[in-house]
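Numbering (the numbering used here), first residue to last: 684 to 1233. Glycine included, each C-beta is placed from N, C-alpha and C at the ideal position. Here the structure is a predicted model, which means the values were calculated and not measured.
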């Protein structure tokens, strides 16, 4: 990087082998007269992506340069981002071009007016000469010309001031040609001032002309993780693996043949050596070339390829996702989404605690990569609760803490850009908040769980479609023993429910043991809690197989 001393960088990497970079076996400086080359050898089993991120974090291999873009906007100092800088600069160029064009138009009209008078004079030259010769002085001559030919003061004076030499045929042609050119310019100037698109095109052309005349080659190269002009995925075998992410953020990929078949083509998940009270929360059978998008409570979105997950076995713990993604201290995963390509027919639908929903076309996240980009602008004090992948024609459900549910069509929420707030999804009463968002799936049921361990399953067809920004319908009847809702999930009998309590305990319950009830029912006890404990979160995981339970 710019201003980084290579020798100091190599020395720093070597020092970090004892602490943060223990997976590095050797670092060599192979630079020569052909260029800089530093080779970092990794130990067996090391994950290159993890090492690269640690290098970015702990060395000058990645260097940030901060710029304070302070500018005067309407006479007031204002700090501008890159987009705002471009916006105000383009607006300035528009204003300059408009003022310049108005000036050029006025000058062209003034000159054309004079030339039109001269043309009249040339067309009637004999009569003009006679009027001037018979006049007592120039003022009388001008007045007589105005009266005879309907000229203005300026035109009459121009005819009087015209030299005899301009009466030649050649000079007359010049006047006519100049008048034709001016009339064409006047038409162009008027069309330009009447059409903003044409003004912007001129602004663009002028900027390109400046770039062509004064621009030079970049001193530094912009690359996007290319390897000798080849895509790194050309070297990665396309095969199915099991991508695993635990509740506490440990990730790994496992060969699919380490999991035996279970149920309707699903896979077992038990057997990993996890920390106490941790459990597998997200599990996908995916291609090594598939994408995994992580969406967090702060509205940030990150993605990486499945092959970039650390390789592991069925029983290994995996690596912390914070070694792969640059999470903030208070940043937590709300959803992990698996997809094969940035399909324009797919959308990310998000819901916040305060009832805001937002739909963003999936391709708008293509630049998220592992550095992350913001998917939603959150109001102060608000957080992102849930995100789901949908396509046109899907119905979705928002569920609140106080037992309201709103089923709505996806097209009731218009697609927006990433840098926006969203719209009201569900209208909340005082003290209420959103606890869940899901896609309506006829093959699954909605599972609702309360603070005091009560829960139920409800068929999706019990919920009617309502308009967005309404309160929806009642979906739970609360009693003293229930407490309010803490979460909701779309589940099937092949799933297990995991309840996480305020005291740090996790309780695992087979979904098939939880009764299916109506929308107004209060549910049944799904978890037995101590008197001083409550459920604070729930998650879905694959059901344990019989072999694993033994």
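For residue i, the nearest candidate out of the options (CA to CA)
i            : options                   : result
residue 1163 : 833, 1099, 1136 and 893   : 1136
residue 1092 : 1131, 1141 and 1042       : 1042
residue 919  : 854, 990 and 818          : 990
residue 1083 : 1132, 1001 and 762        : 1132
residue 1158 : 1081, 1177 and 980        : 1081
residue 847  : 809, 760, 1213 and 746    : 809
residue 1151 : 876, 1079, 689 and 992    : 1079
residue 902  : 881, 1068, 1128 and 685   : 685
residue 1013 : 711, 1003 and 1066        : 1066
residue 1056 : 1086, 1220 and 1100       : 1100
residue 785  : 1125, 1054, 1134 and 877  : 877
residue 1104 : 1063, 1144 and 1094       : 1063
residue 720  : 992, 834, 1019 and 689    : 689
residue 781  : 967, 928 and 885          : 885
residue 1199 : 1212, 1213, 1211 and 1176 : 1176
Residues that residue i bridges to, as DSSP identifies them
i            : result
residue 1041 : 1033
residue 988  : 974
residue 965  : 928
residue 762  : 753
residue 1099 : 1043
residue 1218 : 1184
residue 1022 : 974
For residue j and residue i, the rounded distance between their alpha carbons
i            : j            : result
residue 1217 : residue 1038 : 24 Å
residue 1058 : residue 1016 : 14 Å
residue 725  : residue 883  : 53 Å
residue 1280 : residue 845  : Any answer about residue 1280 is impossible in this case: the structure gives the chain only from 684 up to 1233.
residue 930  : residue 1141 : 25 Å
residue 792  : residue 756  : 34 Å
residue 687  : residue 713  : 17 Å
residue 841  : residue 829  : 12 Å
residue 838  : residue 783  : 26 Å
residue 943  : residue 925  : Legend: pLDDT at residue 943 = 45, less than 50; position of this residue unreliable, no value from coordinates given.
residue 860  : residue 1048 : 57 Å
residue 890  : residue 862  : 31 Å
residue 1226 : residue 1070 : 23 Å
residue 824  : residue 807  : 15 Å
residue 722  : residue 709  : 8 Å
residue 728  : residue 700  : 16 Å
residue 887  : residue 777  : 10 Å
residue 976  : residue 740  : 22 Å
residue 1025 : residue 1001 : 27 Å
residue 695  : residue 984  : 31 Å
residue 691  : residue 934  : 33 Å
residue 768  : residue 787  : 28 Å
residue 796  : residue 895  : 38 Å
residue 1127 : residue 1178 : 10 Å
residue 770  : residue 764  : 10 Å
residue 818  : residue 832  : 16 Å
residue 1190 : residue 1209 : 9 Å
residue 1102 : residue 1031 : 14 Å
residue 1232 : residue 1112 : Only weak support is given to the placement of residue 1232: the predicted model assigns it a pLDDT of 46, under 50, and the value that follows is read from those uncertain coordinates. Rounded to the nearest angstrom, the two C-alpha atoms are 44 Å apart.
residue 1196 : residue 1077 : 29 Å
residue 836  : residue 899  : 54 Å
residue 1220 : residue 1186 : 12 Å
residue 1165 : residue 1074 : 35 Å
residue 1109 : residue 867  : 59 Å
residue 702  : residue 1183 : 34 Å
residue 718  : residue 747  : 23 Å
residue 754  : residue 851  : 58 Å
residue 1192 : residue 1211 : 11 Å
Beta-carbon spacing of residue i, residue j below 9 Å
i            : j            : result
residue 973  : residue 988  : yes
residue 1203 : residue 1160 : yes
residue 1040 : residue 1107 : yes
residue 995  : residue 937  : yes
residue 1206 : residue 1156 : no
residue 1258 : residue 1061 : Any question about residue 1258 goes unanswered here, given that the chain covers just 684 to 1233.
residue 921  : residue 986  : no
residue 1181 : residue 1224 : yes
residue 923  : residue 969  : yes
residue 1122 : residue 1072 : yes
residue 1006 : residue 704  : no
residue 1096 : residue 1035 : no
residue 743  : residue 751  : no
residue 815  : residue 843  : yes
residue 1068 : residue 1020 : no
residue 794  : residue 865  : yes
residue 1054 : residue 1009 : yes
heavy atom of the ligand MG below 8 Å from residue i C-beta
i            : result
residue 1076 : Judged by which ligands are present, the structure shown has none, so any question about the ligand MG falls away.
Any C-beta of chain B under 9 Å from that of residue i
i            : result
residue 1216 : The structure shown contains no chain B; it holds only a single protein chain.
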